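As you go down the protein sequences, you meet chains A and B in turn.
In our numbering, each residue's number is its place in the first sequence (first place is 1) plus 4.
In our numbering, each residue's number is its place in the second sequence (first place is 1) plus 9.
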Amino acid sequence: AQSVTQLDSQVPVFEEAPVELRCNYSSSVSVYLFWYVQYPNQGLQLLLKYLSGSTLVKGINGFEAEFNKSQTSFHLRKPSVHISDTAEYFCAVSGSGNTPLVFGKGTRLSVIA
Amino acid sequence: DAGITQSPRYKITETGRQVTLMCHQTWSHSYMFWYRQDLGHGLRLIYYSAAADITDKGEVPDGYVVSRSKTENFPLTLESATRSQTSVYFCASGTDKKPQHFGDGTRLSIL
Numbered sequence: 005a006q007s008v009t010q011l012d013s014q015v016p017v018f019e020e021a022p023v024e025l026r027c028n029y030s031s032s033v034s035v036y037l038f039w040y041v042q043y044p045n046q047g048l049q050l051l052l053k054y055l056s057g058s059t060l061v062k063g064i065n066g067f068e069a070e071f072n073k074s075q076t077s078f079h080l081r082k083p084s085v086h087i088s089d090t091a092e093y094f095c096a097v098s099g100s101g102n103t104p105l106v107f108g109k110g111t112r113l114s115v116i117a
Numbered sequence: 010d011a012g013i014t015q016s017p018r019y020k021i022t023e024t025g026r027q028v029t030l031m032c033h034q035t036w037s038h039s040y041m042f043w044y045r046q047d048l049g050h051g052l053r054l055i056y057y058s059a060a061a062d063i064t065d066k067g068e069v070p071d072g073y074v075v076s077r078s079k080t081e082n083f084p085l086t087l088e089s090a091t092r093s094q095t096s097v098y099f100c101a102s103g104t105d106k107k108p109q110h111f112g113d114g115t116r117l118s119i120l
């Protein structure tokens, strides 16, 4: 079964600084990878996903992620964060085909003015 | 606007009681999901449904019952609530086993 590890439970960062949220997954022949964001008192929203093709995936709100098969990683990046990016971020993985997603435990991003 | 509605948003009940959490979607998605979110565990899949009258267990199904008589509704029932089921519950929908849209959650406290 697939598993995913989010290496940091909390990441504080100053406004307008760059940020990287790390995600590693268990190896498989092929995987689908996702990042979701959860704002306070809300459900999750899909930020971006990797299914195949280009390893650099661009998502909403200026976020991007890079699929690295050799390192089994799918780190999320943003070059300049805003206060409004303060939220919980979840990485998720599934095997190829129609299999359910497995979520990481989340990383809480706190943007400081 | 299409979306997912969960009700109630907040619920307090006692151990041993039956409680049902409702979920209604207007996306016409075939798949629907129930997750629970707990500190330190992230989101864990309880049950999912591929279509009306088709349901499957997820990672943590014990103590929960689901039904799906209509495509748009997917209620989750705790037949005899326990304190360990205190959690935030999220309903989601999608066109396959990857959820695309989530509701705003139901915060359930069991005393």
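Every residue gets a Cβ at the ideal spot worked out from N, C-alpha and C, and that includes glycine.
Since the structure is predicted, the reported quantities are computational estimates derived from the model, not experimental observations.
Name the DSSP bridge partner or partners of residue i?
| i | result |
| --- | --- |
| Asn-72/A | Ser-77/A |
| His-38/B | Its beta-bridge partners do not exist; DSSP assigns none. |
| Ser-118/B | Ile-21/B |
Does any residue of chain A bring its CB to less than 8 Å from the CB of residue i?
| i | result |
| --- | --- |
| Asp-71/B | no |
| Asp-105/B | yes |
| Gly-12/B | no |
| Tyr-19/B | no |
Under the rule that 16 or more other beta-carbon atoms within 10 Å means buried, what is residue i, buried or exposed?
| i | result |
| --- | --- |
| Leu-25/A | buried |
| Gly-108/A | buried |
| Val-97/A | buried |
| Asp-71/B | exposed |
| Leu-60/A | exposed |
| Lys-172/B | Since the displayed chain B opens at 10 and closes at 120, residue 172/B lies outside it and no answer follows. |
I'd like to check one pair, residue j with residue i: are the Cβ atoms closer than 8 Å?
| i | j | result |
| --- | --- | --- |
| Tyr-54/A | Leu-80/A | no |
| Thr-111/A | Gln-49/A | no |
| Val-41/A | Gln-6/A | no |
| Val-69/B | Arg-92/B | no |
| Leu-120/B | Thr-29/B | no |
| Trp-81/B | Gln-27/B | In the sequence as displayed, the identity of residue 81/B is Glu instead of Trp. No. Outside cutoff. |
At the 8 Å Cβ level, is residue i part of the contact set with chain B, yes or no?
| i | result |
| --- | --- |
| Pro-44/A | no |
| Lys-109/A | yes |
| Thr-103/A | yes |
| Tyr-54/A | no |
| Gly-47/A | yes |
Applying a beta-carbon distance threshold of less than 9 Å, which residues of chain B neighbour residue i?
| i | result |
| --- | --- |
| Ser-98/A | Lys-106, Lys-107 |
Since residue i meets chain A, which of its residues come closer than 8 Å, beta carbon to beta carbon?
| i | result |
| --- | --- |
| Leu-85/B | In chain order: nothing, as chain A lies at least about 15 Å away. |
Under 9 Å Cβ-Cβ, which residues of chain A neighbour residue i?
| i | result |
| --- | --- |
| Leu-54/B | Pro-104, Leu-105, Val-106, Phe-107 |
If we define contact as Cβ-Cβ less than 8 Å, is residue i a contact residue for chain E?
| i | result |
| --- | --- |
| Leu-50/A | Absence of chain E from the displayed structure is noted, the protein chains being A and B. |
Give the residues of chain B in contact with residue i, contact being defined as C-beta atoms less than 8 Å apart.
| i | result |
| --- | --- |
| Tyr-36/A | Lys-107 |
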